[in-house]
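>
Below is the structure:
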């Protein structure tokens, strides 16, 4: 009853994955809402463009889950402008890869300490939550960019 | 092994609370970073001010945890301007109340279906994550407001 895999659960791995994939569906709609010519040019207050932020999210999500699942840590550092369609295609590939890799992670592993990408130490659940939280954080910034562009963002509560 | 309280855990209730309180420490610093005279006046793209957003966060956090813990659902709908010091004091009171109420929630309750505030049905863990995610979402917008005001926001990764 007290080992890590059967510790008291706030949420199970399956439910957390579904929660995350709901966020990813919303983030995909936010990427989609940007005009292609604003994705890597528009920003507010000297911040990064939403295109650069979307590439950061892509460089964190699947690579983090792969690292937790396999112990192999690698990611991409390119933030060069890409057509929106390419970013969305990559997003969808990551969605499938995350589902597939997640199913290979035994529950007790989410409570294990590890060092992500050779430089970020933490418990696996915190490392994964960091990636999700970073997605929500930057997507919220994307909402402001869209509003500043006169575009209504997709509803925050809609996750299907 | 298979009942809700000992289901496989992505994260335990204690660890999730600590994760959330880390976010709350960061959000408090973002509120603090706003000049008092901009908190209820400045915004970007016709959005709500960060003061209004901070009051929304306050009206969701402790009331949600109280509802899950006790079944009593009530909240405040006022978003009238308040001095920053009053918002921060209220924030700190909520932090303590959340810790106290959280300790009264048996783990299995996080997997139960309920209807928050008489109108939001969901599993308790999803209802609570919604509150946390909404905090991260609006705080990310606060980062843009601060940058647009020429103020450097606190680092996202610092949660102590």
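Residue numbers (this note's numbering), protein chains in the order written: chain A, 38 to 197; chain B, 38 to 197. Where a beta carbon is used, it is the ideal one built from N, C-alpha and C, also for glycine.
Please state whether the Cβ-Cβ distance between residue 178 of chain B and residue 90 of chain B is less than 8 angstroms.
Residue mapping note: residue 178 of chain B aligns to position 141 of the second chain, counting from 1. Residue mapping note: residue 90 of chain B aligns to position 53 of the second chain, counting from 1. Cβ distance < 8 angstroms, so residue 178 of chain B and residue 90 of chain B count as in contact.
> Which residues does DSSP list as the beta-bridge partners of residue 150 of chain A?
As a working mapping, residue 150 of chain A is identified with position 113 in the first chain. Answer is A:160.
> List, in chain order, every chain A residue whose beta-carbon is nearer than 9 angstroms to that of residue 50 of chain B.
Sequence index remark: in the second chain, residue 50 of chain B carries index 13 (1-based). What residue 50 of chain B touches in chain A: 45, 46 and 47.
> CB-CB under 7 angstroms to residue 72 of chain B, same chain, minus the five flanking residues each way: which ones, in chain order?
Within the second chain, residue 72 of chain B is the residue found at index 35, counting from 1. There are no such residues.
> Determine, for residue 137 of chain A, whether the minimum Cβ-Cβ distance to residues of chain B falls below 8 angstroms.
Numbered from 1 along the first chain, position 100 holds the residue referred to as residue 137 of chain A. Not closer than 8 angstroms to any Cβ of chain B, the Cβ of residue 137 of chain A fails to qualify, so no.
> Residue 114 of chain A: which of A:123, A:100, A:45 and A:126 sits nearest, CA to CA?
Taking the first chain and counting its residues from 1, one reaches residue 114 of chain A at position 77. If we check each option's Cα against that of residue 114 of chain A, A:100 comes out closest.
> DSSP three-state label for residue 48 of chain B, please.
Position 11 of the second chain, counted from the start, is the residue given in the question as residue 48 of chain B. In this structure, residue 48 of chain B counts as strand in the three-state DSSP scheme.
> Taking the alpha-carbon positions, what's the residue 153 of chain A to residue 175 of chain A distance?
The sequence position of residue 153 of chain A within the first chain is 116, counting from 1. The sequence position of residue 175 of chain A within the first chain is 138, counting from 1. Those two C-alpha atoms are separated by around 21 angstroms.
> Residue ranges of each alpha helix (DSSP H) run of no fewer than 4 residues wholly in the segment 78–124 of chain B, ordered along the chain?
With a minimum length of 4 residues, the continuous alpha helix (DSSP H) runs that stay inside the segment 78–124 of chain B are 87–107.
> With burial defined as no fewer than 16 other Cβ atoms inside 10 Å of the residue's Cβ, what is the status of residue 95 of chain B: buried or exposed?
The count along the second chain starts at 1 and reaches residue 95 of chain B at position 58. Per the 10 Å Cβ criterion, buried.
> Looking at the structure shown, is residue 196 of chain B part of a helix, part of a strand, or coil, going by DSSP?
Taking the second chain and counting its residues from 1, one reaches residue 196 of chain B at position 159. In the structure shown, residue 196 of chain B sits in coil (DSSP, three-state: anything other than H, G, I, E or B).
> Could you tell me whether any Cβ in chain A is nearer than 8 angstroms to the Cβ of residue 140 of chain B?
Taking the second chain and counting its residues from 1, the one referred to as residue 140 of chain B is at position 103. So, not an interface residue.
> Could you name the residues of the same chain whose beta carbon sits closer than 6 angstroms to that of residue 137 of chain A, not counting the 5 residues immediately before and after it, in chain order?
Within the first chain, the letter at position 100 stands for residue 137 of chain A. For residue 137 of chain A, where only same-chain residues beyond five positions count, there are no Cβ hits under 6 angstroms.
> Are at least three pairs of beta-carbons, each pair with one atom in the segment 52–70 of chain B and one in the segment 162–175 of chain A, less than 8 angstroms apart?
The segment 52–70 of chain B, when compared against the segment 162–175 of chain A, does touch it at the 8 angstroms Cβ threshold.
> Among A:125, A:180 and A:104, which residue has its Cα nearest to the Cα of residue 28 of chain A?
One cannot answer for residue 28 of chain A here, as it falls past the ends of chain A, which runs 38 to 197.
> Cβ of residue 47 of chain B within 8 angstroms of Cβ of residue 191 of chain A?
Translated into positions along the second chain, residue 47 of chain B becomes position 10. Translated into positions along the first chain, residue 191 of chain A becomes position 154. For residue 47 of chain B and residue 191 of chain A, no; Cβs fall outside 8 angstroms.
> Looking only at its chain, what residues have a beta carbon closer than 8 angstroms to the beta carbon of residue 197 of chain B, apart from the 5 residues adjacent to it on each side?
Indexing the second chain from 1 puts residue 197 of chain B at position 160. Here the set comprises 59 and 62.
> Do residue 162 of chain A and residue 144 of chain B come within 8 angstroms of each other at the CB atom, strictly closer than that value?
For the purposes of this step, residue 144 of chain B is taken as the residue at position 107 of the second chain. For the purposes of this step, residue 162 of chain A is taken as the residue at position 125 of the first chain. Against a cut-off of 8 angstroms, the Cβ pair of residue 162 of chain A and residue 144 of chain B comes out as no contact.
> In chain order, what residues of the segment 49–73 of chain A put their CB closer than 7 angstroms to some CB of chain B?
Hits within the stretch, in order: 49, 50, 52, 53 and 56.
> According to DSSP, is residue 188 of chain A part of a helix, a strand, or is it coil?
If you number the first chain from 1, residue 188 of chain A lands on position 151. Looking at residue 188 of chain A - three-state DSSP - the assignment turns out to be coil, as it is neither helix nor strand.
> What would DSSP say about residue 140 of chain B, mapped onto helix, strand or coil?
Numbered from 1 along the second chain, position 103 holds the residue referred to as residue 140 of chain B. In the structure shown, residue 140 of chain B sits in coil (DSSP, three-state: anything other than H, G, I, E or B).
> Please report the distance separating the alpha-carbon of residue 121 of chain A from that of residue 106 of chain B.
In the first chain, the residue the question calls residue 121 of chain A occupies position 84. In the second chain, the residue the question calls residue 106 of chain B occupies position 69. Answer to the nearest angstrom: the Cα atoms are 45 angstroms apart.
> Select from A:185, A:81, A:135 and A:156 the residue whose C-alpha is nearest the C-alpha of residue 110 of chain A.
Translated into positions along the first chain, residue 110 of chain A becomes position 73. Checking every option, the nearest Cα to that of residue 110 of chain A belongs to A:156.
> To the nearest angstrom, how far is the alpha carbon of residue 150 of chain A from that of residue 108 of chain A?
In the first chain, residue 150 of chain A corresponds to position 113, counting from 1. In the first chain, residue 108 of chain A corresponds to position 71, counting from 1. The alpha-carbon atoms of residue 150 of chain A and residue 108 of chain A are separated by roughly 12 angstroms.
> Which of the three DSSP states is assigned to residue 33 of chain B in this structure?
In the structure displayed, chain B extends from 38 to 197; residue 33 of chain B sits before or after that span and is not available.
> Using a Cβ-Cβ distance under 8 angstroms, would residue 177 of chain A count as near chain B?
Taking the first residue of the first chain as 1, we reach residue 177 of chain A at position 140. Yes, because at least one Cβ of chain B sits closer than 8 angstroms to the Cβ of residue 177 of chain A.
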